[in-house]
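Residue -13 is where the sequence shown starts when you use our numbering, and the numbers rise one by one after that.
Every residue gets a Cβ at the ideal spot worked out from N, C-alpha and C, and that includes glycine.
Predicted model only: the values in this text are computed from it and were never measured.
For reference, the structure is listed below as structure tokens.
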Amino acid sequence: MCFPNEHLTQLQEFCYNLPRIGISKNLCIVLNNKSRIDYHECHTFSEGCPDKFYFSNTAYKYPNCAMVKDGCFLAEPSCTKQLLKPPNSIPTKQVDNYAWIWIVTTLGAICISCIPVCLWFIYHRSKGTTENGSILTEEIPGAGPLLLTGDGLKQRLPQEHDVHLEHTLPGEHLCEATAENGSLLTEEITGTGPSLLNGDDIELLPQEHDLLLEHTLPGEADGEKPSCVHNFYIACQEGMTSLIEDLIKDCQNCRVSKNSLNTDGTSPLYIACQEGHNETVQVLLENGADVHLGENSEYIPFYVACQEGHDEIVKLMLAKGANINSGKTDGASPLFIACQQGHASIVQLLLNNGAAVNLSREGSFTPLYIACQHGFEKIVQLLLSAGADVNIYPNTKMSPLFKACGGGFEKIAKMLLERGADVNFCENSGGSPLFIACQNGHDICVQLLLSKGANVNLCKRDEAGPLFVACQNRHKSTVQILLQNGANANALTDTKLNSLVASCAKGVDDIVKILLEGGADANAPGALFGYSPLWFACNNNYYSIVEMLLRHDADINQRAEDGSTPLSTAIDSGNAKIVNLLKRNGAKM
-13 MCFPNEHLTQ
-3 LQEFCYNLPR
7 IGISKNLCIV
17 LNNKSRIDYH
27 ECHTFSEGCP
37 DKFYFSNTAY
47 KYPNCAMVKD
57 GCFLAEPSCT
67 KQLLKPPNSI
77 PTKQVDNYAW
87 IWIVTTLGAI
97 CISCIPVCLW
107 FIYHRSKGTT
117 ENGSILTEEI
127 PGAGPLLLTG
137 DGLKQRLPQE
147 HDVHLEHTLP
157 GEHLCEATAE
167 NGSLLTEEIT
177 GTGPSLLNGD
187 DIELLPQEHD
197 LLLEHTLPGE
207 ADGEKPSCVH
217 NFYIACQEGM
227 TSLIEDLIKD
237 CQNCRVSKNS
247 LNTDGTSPLY
257 IACQEGHNET
267 VQVLLENGAD
277 VHLGENSEYI
287 PFYVACQEGH
297 DEIVKLMLAK
307 GANINSGKTD
317 GASPLFIACQ
327 QGHASIVQLL
337 LNNGAAVNLS
347 REGSFTPLYI
357 ACQHGFEKIV
367 QLLLSAGADV
377 NIYPNTKMSP
387 LFKACGGGFE
397 KIAKMLLERG
407 ADVNFCENSG
417 GSPLFIACQN
427 GHDICVQLLL
437 SKGANVNLCK
447 RDEAGPLFVA
457 CQNRHKSTVQ
467 ILLQNGANAN
477 ALTDTKLNSL
487 VASCAKGVDD
497 IVKILLEGGA
507 DANAPGALFG
517 YSPLWFACNN
527 NYYSIVEMLL
537 RHDADINQRA
547 EDGSTPLSTA
557 IDSGNAKIVN
567 LLKRNGAKM
């Protein structure tokens, strides 16, 4: 089997007798001990780890699965492209003679080799049953992609000994199955198209016990008898509705169960809902699949249908009585996950059918909160129309309004304020909706909040206010809006920093100018240890800011607690231009 790596620069190759192998999620296929298949967990991979069941012929979709050094390996020479040098020129007539000789020789060899094969085929076709009760299956009419259907091939032994032949998926080979005193011998089925089983491909030896022809899939313990449930599971994943119907109808003795769980805890209904196979889900439900299977676990069929946005499946499940509020172990409801994923049509369906609009996930995160966080305007509108509480907040105390303003979703913020959201409600560290909007430079939200009565000087617990954080993050236009609405330009944080010092230290000329023109005191104490705005500008070699501060009467000789002055720190910084400027304006050591 060969498949390319993620760069399509080389092929991965290894030998195995099944061209398509089922692989569980979070596993990569590797080769162990020559041609023996093994699996490698990929939870720690940074990318490319499969998050659902897949087949080996799609392994190229998961780059890291083709890069496991100790299992997967570079292509064998047989998979590489060989470049052949063109032979020396040969006369056309001689080339034609060689070609005819080669064609005649090849055809003769093929005809001679076919004679024993034909004789062997005729001999076996003439046999009916063996003396010891062995049975030869009869040729299956037709050439569909599925090998064995309920009526396509069923050869009964004496009444007490049934032989059950299951379906195999397209492109697979039959595997050997054994019982206590009987065995099933299979011969390899070749070809590039769908595999077909004819009368000479399978032979049953003495049968004292029933035999079950099945495929072993990943996740089964070594030595454990394969389960028909796994084949049923794959059929549900692939949406093979006709096969599922046949299995339910004809293979009751094969332990097919619509409600059995796979080794990872998923059910046939769950995987069909996850993959969005509408007809498969309908067939399963009509044949008794438990719509409530997996509730209060991680694998709830109805939940995953809402998560993946499969509207028709959600409707089918609701019609069959699915619990509309049944959540996962962390309390996340179907409505919550639909809001998180942005599936507005699913949200509408759930609300129309009575979903609890304020049901919170663990930590008190509501559907409205998560919709505001992601900026899903239509979903927020649906939730508010259904009565969602705008002032329910999680343990962090970040309200829906806080999340909307933090993301710059002004239309959502406006809807929340119109529904009565608390404009000055602060999260655990003291940040208000206005604070987070200023921190991120969302001017429209800032203006909206101020127009609705937001406190322009409401500070966090560290005393950093909206103006300080706007200056710190270099949001010039936001600083202008705040100063125009009465922000205190000289407010100090708990570390004795003010907005002017922060801007001088960062060298943001425009904001320094706005602050000075907006009333900031050039000599106000603005840092620990008495360092002035002018000291910071000199220390960091910001010549233009030094000029602005001097024009606004900054004290050129102000000393810090360690005795340093603007001039001494300029000398230490080695900026002769600033040193000369300070001296011209009367600076002293």
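Residue nearest to residue i in terms of C-alpha spacing, selected from the options
i           : options               : result
residue 403 : 446, 444, 445 and 358 : 358
residue 546 : 533, 522 and 266      : 522
residue 501 : 385, 454 and 526      : 454
residue 313 : 332, 297, 286 and 337 : 286
residue 308 : 575, 422, 348 and 280 : 280
residue 398 : 383, 374 and 362      : 362
residue 488 : 433, 370, 456 and 474 : 456
residue 377 : 371, 368 and 388      : 388
residue 475 : 459, 28, 222 and 505  : 505
residue 261 : 446, 412, 222 and 339 : 222
residue 528 : 564, 496 and 558      : 564
residue 284 : 320, 271, 536 and 226 : 320
residue 570 : 559, 544 and 536      : 536
residue 544 : 517, 323 and 424      : 517
residue 267 : 89, 484, 288 and 460  : 288
residue 469 : 89, 306, 503 and 572  : 503
residue 486 : 508, 480 and 473      : 508
Buried versus exposed, by CB contacts within 10 Å (16 or more), residue i
i           : result
residue 414 : exposed
residue 93  : exposed
residue 102 : exposed
residue 539 : exposed
residue 210 : Note that residue 210 scores a pLDDT of 48, beneath 50, so its modelled location is shaky and nothing firm can be said.
residue 347 : buried
residue 451 : buried
residue 316 : exposed
residue 298 : exposed
residue 417 : buried
residue 13  : buried
residue 339 : exposed
residue 258 : buried
residue 579 : The question about residue 579 has no answer, for the chain in this structure spans -13 to 575.
residue 446 : buried
residue 401 : buried
residue 91  : exposed
residue 44  : exposed
residue 576 : Nothing in the structure corresponds to residue 576, since the chain is present only between -13 and 575.
residue 530 : exposed
residue 381 : exposed
residue 371 : exposed
residue 365 : buried
residue 520 : buried
residue 332 : buried
Supposed contact pair residue j and residue i - C-beta distance, whole angstroms, cut 8 Å
i           : j           : result
residue 300 : residue 335 : 6 Å
residue 275 : residue 255 : 5 Å
residue 442 : residue 471 : 5 Å
residue 224 : residue 269 : No, residue 224 and residue 269 are not in contact; Cβ-Cβ is about 13 Å, not under 8 Å.
residue 368 : residue 330 : 7 Å
residue 420 : residue 449 : Not confirmed; about 15 Å, so no contact.
residue 492 : residue 511 : About 19 Å; that fails the 8 Å criterion.
residue 341 : residue 310 : 5 Å
residue 396 : residue 431 : 5 Å
Beta-carbon proximity list for residue i, same chain, < 7 Å, skipping 5 on both sides
i           : result
residue 429 : 463, 464 and 467
residue 426 : 392 and 394
residue 384 : 413
residue 356 : 322, 325 and 326
Close-in-space but distant-in-sequence residues of the same chain around residue i (CB under 8 Å, 5 per side omitted)
i           : result
residue 568 : 524, 532, 542, 552, 553 and 556
residue 499 : 534
residue 55  : With a pLDDT of only 45 at residue 55, under 50, the local geometry of the prediction cannot be trusted, and the value read off the model is given with reservation. Excluding sequence neighbours, residue 55 sits near nothing in its chain.
Residues of its chain near residue i, where Cβ-Cβ distance is below 6 Å and the 5 sequence neighbours each way are ignored
i           : result
residue 439 : 409
residue 515 : 546 and 547
residue 354 : 369, 374 and 386
residue 328 : 362
residue 497 : 457, 462, 465 and 489
residue 566 : none
Query raised in the report: In chain order, which continuous runs of the alpha helix (DSSP H) of length 4 or greater are located wholly inside the stretch 340 to 393?
Result: Complete alpha helix (DSSP H) runs here, min 4: 353 to 360, 363 to 371 and 386 to 392.
TODO: Could I get the ranges of all uninterrupted beta strand (DSSP E) runs contained in the stretch 483 to 511, with 3 residues as the minimum, in chain order?
DONE: none
Problem set entry | Segments assigned alpha helix (DSSP H), at least 4 residues, entirely inside the stretch 413 to 483 | Fully enclosed alpha helix (DSSP H) runs of 4 or longer: 419 to 425, 429 to 437, 452 to 458 and 462 to 470.
>> Which complete alpha helix (DSSP H) runs does the stretch 249 to 274 hold, if anything under 4 residues is left out?
In response: 254 to 261 and 264 to 272
Every unbroken alpha helix (DSSP H) within the stretch 270 to 331, with a cutoff of 4 residues, ordered by chain = The qualifying runs are 287 to 294, 297 to 305 and 320 to 327.
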